[in-house]
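Engineer:
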Ligand SMILES: [Ca+2]
Ligand SMILES: [Ca+2]
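Residue numbers (the numbering used here): 32 to 281.
#1: Given 6 Å as the limit, tell me if residue 90 has its C-beta closer than that to any heavy atom belonging to ligand 1.
#2: Would residue 269 and residue 190 be called neighbours here (beta carbons separated by less than 7 Å)?
#3: Report the residue ranges of all alpha helix (DSSP H) runs contained in full by the segment 115 to 177; include only those spanning at least 4 residues, in chain order.
#4: Provide the residue span of the beta strand (DSSP E) that contains residue 91, from first to last.
#5: With a cut-off of 8 Å on the beta carbons, I'd call residue 109 and residue 202 a contact; round off their distance for me.
#6: Mind listing, in chain order, the continuous beta strand (DSSP E) runs of no fewer than 3 residues lying wholly within the segment 189 to 245?
#7: Between which two residues does the beta strand (DSSP E) holding residue 277 run?
#8: Excluding sequence positions up to five away, which residues of its chain have a Cβ less than 7 Å from the Cβ of residue 114?
#9: Report the residue from 229, 100, 240 whose alpha carbon sits nearest the alpha carbon of residue 272.
#10: Could you check how far apart the C-beta atoms of residue 124 and residue 175 are, in whole angstroms? I think they sit under 8 Å.
#11: Based on DSSP bridge pairs, tell me the residues matched to residue 250.
#12: Per DSSP, what are the beta-bridge partners of residue 268 in this structure?
#13: Out of 262, 280, 134, 214, which one is the CA nearest neighbour of residue 164?
#14: Within 6 Å: the Cβ of residue 149 and any heavy atom of ligand 1?
#15: Can you tell me which of 243, 136, 235, 224 puts its alpha carbon nearest to the alpha carbon of residue 184?
#16: By a C-beta neighbour count over all protein chains shown, 10 Å radius and 16 as the cutoff for buried, is residue 51 buried or exposed?
#17: Spatial neighbours of residue 265 within its chain, please: CB distance less than 7 Å, with the 5 preceding and 5 following residues excluded, ordered by chain position.
#18: Is it the case that the Cβ atoms of residue 147 and residue 137 are separated by a distance below 7 Å?
#19: Put residue 50 into one of helix, strand or coil per three-state DSSP.
#20: Do you know how far the Cα of residue 105 is from the Cα of residue 229?
#21: If you draw a straight line from the C-alpha of residue 200 to the C-alpha of residue 168, how long is it?
#22: Out of curiosity, what's the CA-to-CA distance linking residue 120 and residue 98?
#23: Taking its Cβ as the centre, do 16 or more other Cβ atoms sit within 10 Å of residue 152, making it buried, or is it exposed?
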């Protein structure tokens, strides 16, 4: 910077280059003003990496409750509930919810197929008939997306019929249905590693009508698995809906 400005200024002192004066003055002024102007404008400008991204529009169910009970015992690592709507995630244009139509499997073999189908039927309401149950302990549901997909966002509604916090919420993707090959963790809030998939550094959160929106950052995979281990309400595991926003991997 210093060198550049010196070479720009020095020619100004030579008569032969007078005709260049207006242009050079303008350039020097720009150099001097540029940092000030951009700093002042920064808050109004979109993030530099936003590119041609668009807001991810989600269809949300009706809220079933307001606020959170003061007497609910939760750990220190629980996100406070915001009273404002969640800002949309910015994603590449043209993404679809690719969860519907996926083959759904589950760690609890007692869950009938027509119950599992509720996971991707678009019904995210808090009513009893919208929620499916998996037995207690660490349990998972899994989607086979049919082919490798580039996944940008994941939304999970366990059950938002009351204020509760689910434990050991872990989302992983893999290249095989048994989760042996190329397993990657997209989200993990199991800080105590009670589910044995590694210590998670994400925060616990209250179930709400907005669901849990997770940034999957374009991870490429065919299989996605959702783990949980009961909630502050019950040892059982509930699911209402999962959504996966992505596009076929190139
Ligand atoms: Ca559903
Ligand atoms: Ca845990």
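All C-beta atoms in this analysis are idealised placements derived from N, C-alpha and C, irrespective of residue type, glycine included.
Structural biologist: Once the coordinates are examined:
#1: no
#2: yes
#3: 144 to 147
#4: Unbroken run through residue 91: none, as it is neither H nor E.
#5: Not quite, the Cβ-Cβ distance comes to about 18 Å (not below 8 Å), so this is no contact.
#6: 201 to 205, 215 to 219
#7: 272 to 279
#8: none
#9: 240
#10: Rounded, the Cβ-Cβ distance is 26 Å, inconsistent with contact.
#11: 182
#12: 165
#13: 262
#14: yes
#15: 243
#16: Note on residue 51: pLDDT 45, under 50, position unreliable in the model; no value is reported.
#17: none
#18: yes
#19: Summary for residue 50: the model assigns pLDDT 49, below 50, so the residue's position carries little reliability, and this model does not support an answer.
#20: 21 Å
#21: 12 Å
#22: 23 Å
#23: exposed
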